[in-house]
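**Q** Adding 122 to a residue's 1-based position in the sequence shown gives its number in the working numbering.
Note that CB positions come from ideal geometry on N, CA and C, so glycine has one too.
Following this message is one structure expressed as structure tokens.
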Amino acid sequence: MKKLIEEINELRRKKDAVILAHNYQTGEIQDLADFVGDSLGLSRQAAKTKSDLIVFCGVHFMAETASIISPNKKVLIPSLEAGCSLAESINAAQLREWKNENRNAVVVSYVNTTAEIKAESDYCVTSSNAVKIVNSIPSDKKILFLPDKFLGNYVKAVTGRDMEIWDGACHVHKKIGDVSFSDSQKAHPNAEFLIHPECGCSSSCMLKSQLYFDCNSVHIFSTDGMIKFVQESDAEEFVIATETGILHRLKKIKPSAEFFPLSENAFCEYMKKINLENLRDALLLDRYEVKVDRETAERARLPIQRMLEITG
Ligand code: 13P
Ligand code: SF4
Numbered sequence: 123m124k125k126l127i128e129e130i131n132e133l134r135r136k137k138d139a140v141i142l143a144h145n146y147q148t149g150e151i152q153d154l155a156d157f158v159g160d161s162l163g164l165s166r167q168a169a170k171t172k173s174d175l176i177v178f179c180g181v182h183f184m185a186e187t188a189s190i191i192s193p194n195k196k197v198l199i200p201s202l203e204a205g206c207s208l209a210e211s212i213n214a215a216q217l218r219e220w221k222n223e224n225r226n227a228v229v230v231s232y233v234n235t236t237a238e239i240k241a242e243s244d245y246c247v248t249s250s251n252a253v254k255i256v257n258s259i260p261s262d263k264k265i266l267f268l269p270d271k272f273l274g275n276y277v278k279a280v281t282g283r284d285m286e287i288w289d290g291a292c293h294v295h296k297k298i299g300d301v302s303f304s305d306s307q308k309a310h311p312n313a314e315f316l317i318h319p320e321c322g323c324s325s326s327c328m329l330k331s332q333l334y335f336d337c338n339s340v341h342i343f344s345t346d347g348m349i350k351f352v353q354e355s356d357a358e359e360f361v362i363a364t365e366t367g368i369l370h371r372l373k374k375i376k377p378s379a380e381f382f383p384l385s386e387n388a389f390c391e392y393m394k395k396i397n398l399e400n401l402r403d404a405l406l407l408d409r410y411e412v413k414v415d416r417e418t419a420e421r422a423r424l425p426i427q428r429m430l431e432i433t434g
């Protein structure tokens with residue numbers, strides 16, 4: 123392992139590469155990265171970096187988003203198997219058919235989508251800004267929201283908008299919904315509960331929080347939202363409802379605190395396709411480049427830019 127890390131460090135220096143890692147990557151990849159963050163934060167870093175070579179340790183749609191925002195940079199992903207079940211839950215033909223059935227509707231897509239889907243969309247959103255962006259759309263417009271039904275249901279309930287929601291879900295977060303929150307709350311009465319909006323329980327949990335929870339201790343966040351909350355909180359106990367890779371970063375940020383995953387089984391096998399060997403090979407062999415064809419990239423950039431303009 124030491125030798126691999128030395129090789130990676132030598133290659134990144136020689137090639138002036140920047141290594142970006144998502145919050146769900148393994149601890150060893152996170153520790154090597156120049157930046158660790160959520161899907162949107164990493165794309166922003168990709169646009170900001172002066173380096174022309176980016177090695178994206180995350181899943182394919184994230185590397186694609188980085189490439190769309192920074193078309194003149196070379197973006198590599200160390201494994202082509204690093205996909206995403208949520209992004210795969212809708213394809214462009216299905217979206218076109220849905221749009222045809224709802225000709226005046228506005229299409230709002232979660233960032234966990236392929237470039238082709240973004241190219242067919244009016245707005246892109248992340249978990250942290252979906253409500254704000256939907257609220258910015260003229261109130262007489264019907265909205266088609268995709269692909270995550272849990273985030274969609276939550277946004278619909280909060281905004282009260284006329285919204286159709288695609289029946290998509292992430293297999294990791296959907297399963298977290300099977301775990302009993304009330305048992306966990308009994309076991310950790312003083313903990314703050316941080317829940318990713320893709321979780322199978324998030325929408326109902328937010329809406330029913332008055333009934334089941336002490337509202338003040340339940341928070342819905344994107345992965346970077348969780349990091350920020352922990353940095354600013356005085357609490358010493360947290361229950362985390364998302365992929366368990368994030369625990370490595372949380373423990374580093376606040377070593378004095380205790381972190382409990384709501385589900386020990388929340389493991390994204392796609393994220394974990396990336397390892398030290400294929401990261402070294404990506405740098406050594408310049409592989410695998412993630413490139414979106416120019417026309418698709420130009421169309422896909424529009425909904426992302428709209429989101430960035432609204433959220434700043
Ligand atoms: P974030 O945007 O919160 O990093 O989430 C991305 C993701 O894939 C969650 O499963
Ligand atoms: Fe996709 Fe789910 Fe993995 Fe996130 S955790 S990358 S949504 S499969």
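Can you tell me where the beta strand (DSSP E) holding G367 begins and where it ends?
**A** Counting along the chain, G367 falls outside any beta strand (DSSP E), and DSSP gives it neither H nor E.
**Q** What is the rounded straight-line gap between the Cα of D160 and the Cα of L126?
**A** Approximately 26 Å, taken between the alpha carbons.
**Q** Whole angstroms is fine: what's the gap from V181's alpha carbon to Q167's?
**A** Taking the straight line from one Cα to the other gives about 16 Å.
**Q** Would you report the Cα separation of G163 and N251, rounded to the nearest angstrom?
**A** Roughly 13 Å between the two C-alpha positions.
**Q** Helix or strand or just coil, what does DSSP make of P260?
**A** Coil.
**Q** If I141 and L133 are in contact, beta carbons under 8 Å, what's the gap, nearest whole angstrom?
**A** No, I141 and L133 are not in contact; Cβ-Cβ is about 10 Å, not under 8 Å.
**Q** To the nearest angstrom, how far is the alpha carbon of E202 from that of S355?
**A** As written in the sequence, residue 202 is Leu, which differs from the Glu given in the question. Cα to Cα, L202 sits roughly 38 Å from S355.
**Q** Apart from the five residues just before and just after H293, which ones in its own chain have a Cβ nearer than 7 Å to its Cβ?
**A** Excluding residues within five positions, the ones whose Cβ falls inside 7 Å are S207.
**Q** Is the segment 232 to 245 touching the segment 412 to 429 in the sense that three or more CB pairs, one from each, lie closer than 8 Å?
**A** The segment 412 to 429, when compared against the segment 232 to 245, does touch it at the 8 Å Cβ threshold.
**Q** When we look at the beta-carbon of M123 and count the other beta-carbons within 10 Å, is it buried (16 or more) or exposed?
**A** Flag for M123 reads exposed.
**Q** P319 to G347, Cα distance in whole Å?
**A** When rounded, the distance between both Cα atoms is 11 Å.
**Q** Tell me which residues share the same chain as K395 and place their Cβ nearer than 6 Å to its Cβ, disregarding the 5 neighbours each side in the sequence.
**A** So the list reads S201, E203, A204, once near-sequence residues are dropped.
**Q** In three-state terms, what does DSSP make of I212?
**A** Reduced to three states, the DSSP call for I212 is coil.
**Q** Considering only their Cβ atoms, is the gap separating A188 from V197 smaller than 8 Å?
**A** Result yes, Cβ atoms of V197 and A188 sit closer than 8 Å.
**Q** Is the segment 259 to 269 in contact with the segment 277 to 285, if contact means three or more CB pairs nearer than 8 Å?
**A** Yes, the segment 259 to 269 is in contact with the segment 277 to 285.
**Q** Quick check on the DSSP output: what are the complete beta strand (DSSP E) runs of length 3 or more inside the segment 128 to 171, in order along the chain?
**A** Complete beta strand (DSSP E) runs here, min 3: 139 to 144, 157 to 159.
**Q** Pull the bridge partners of K196 from the DSSP assignment, please.
**A** Looking at the DSSP assignment, K196 forms a beta bridge with L175.
**Q** Pull up the DSSP beta-bridge partners for S231, would you.
**A** Per DSSP, C246, L268.
**Q** Using the rule of at least 16 other Cβ atoms within 10 Å of the residue's Cβ for burial, across every protein chain shown, is E411 buried or exposed?
**A** When all chains shown are included, E411 counts as exposed.
**Q** For F183 and S339, what's the separation of their Cα atoms in angstroms?
**A** Going by the C-alpha atoms only, they are around 32 Å apart.
**Q** Looking only at its own chain, which residues have a Cβ that is under 8 Å from the Cβ of K297, when we skip the five neighbours before and after it?
**A** So the list reads G322, S385, N387, A388, once near-sequence residues are dropped.
**Q** Determine the closest residue to E128 out of L424, L407, L401, with distance taken between C-alpha atoms.
**A** Nearest C-alpha to E128: L401.
**Q** Please report the Cβ distance between V233 and C246, rounded to the nearest whole angstrom; I am assuming they are in contact, meaning their Cβ atoms lie under 8 Å.
**A** Confirmed, about 6 Å.
**Q** Would the C-beta of L208 count as close to the ligand SF4, meaning under 7 Å from any of its heavy atoms?
**A** Checking the Cβ of L208 against the ligand SF4 gives yes.
**Q** Any heavy atom of the ligand 13P inside 7 Å of the beta-carbon of V233?
**A** At least one heavy atom of the ligand 13P is nearer than 7 Å to the Cβ of V233, so yes.
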